[in-house]
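Engineer: With the numbering used here applied, the sequence shown corresponds to residues 14 to 67, in that order.
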Amino acid sequence: MFKDILTSEEHNLVKELKMKVIDVDNKNERESIHGEINAIFEQAKTRFLSSINN
């Protein structure tokens, strides 16, 4: 749903992080990468909601 509001830079970063998480065996490191991905989506969501409220 929120993929549509990502900038191309954010989209590429999420894509890169998703590929990186596949190669990670350590559970804590995987969770950290998922946290980074979620933070990117939250930032995009906040930016989108701010833009429609203005």
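A virtual CB, placed ideally from N, CA and C, is assigned to each residue, including glycine.
#1: For residue 27 and residue 50, which I take to be in contact (beta-carbon distance under 8 Å), what is that distance rounded to the nearest angstrom?
#2: Alpha helix (DSSP H) containing residue 26: first to last residue?
#3: With a threshold of 16 other CB atoms inside 10 Å of the CB of residue 57, please say whether the residue is buried or exposed.
#4: Please return the same chain residues whose Cβ sits closer than 7 Å to the Cβ of residue 37, not counting the five positions on each side in sequence.
#5: Less than 8 Å between the C-beta atoms of residue 23 and residue 53, yes or no?
Structural biologist: Walking through what the data contain:
#1: 6 Å
#2: 21-35
#3: buried
#4: 43, 46
#5: yes
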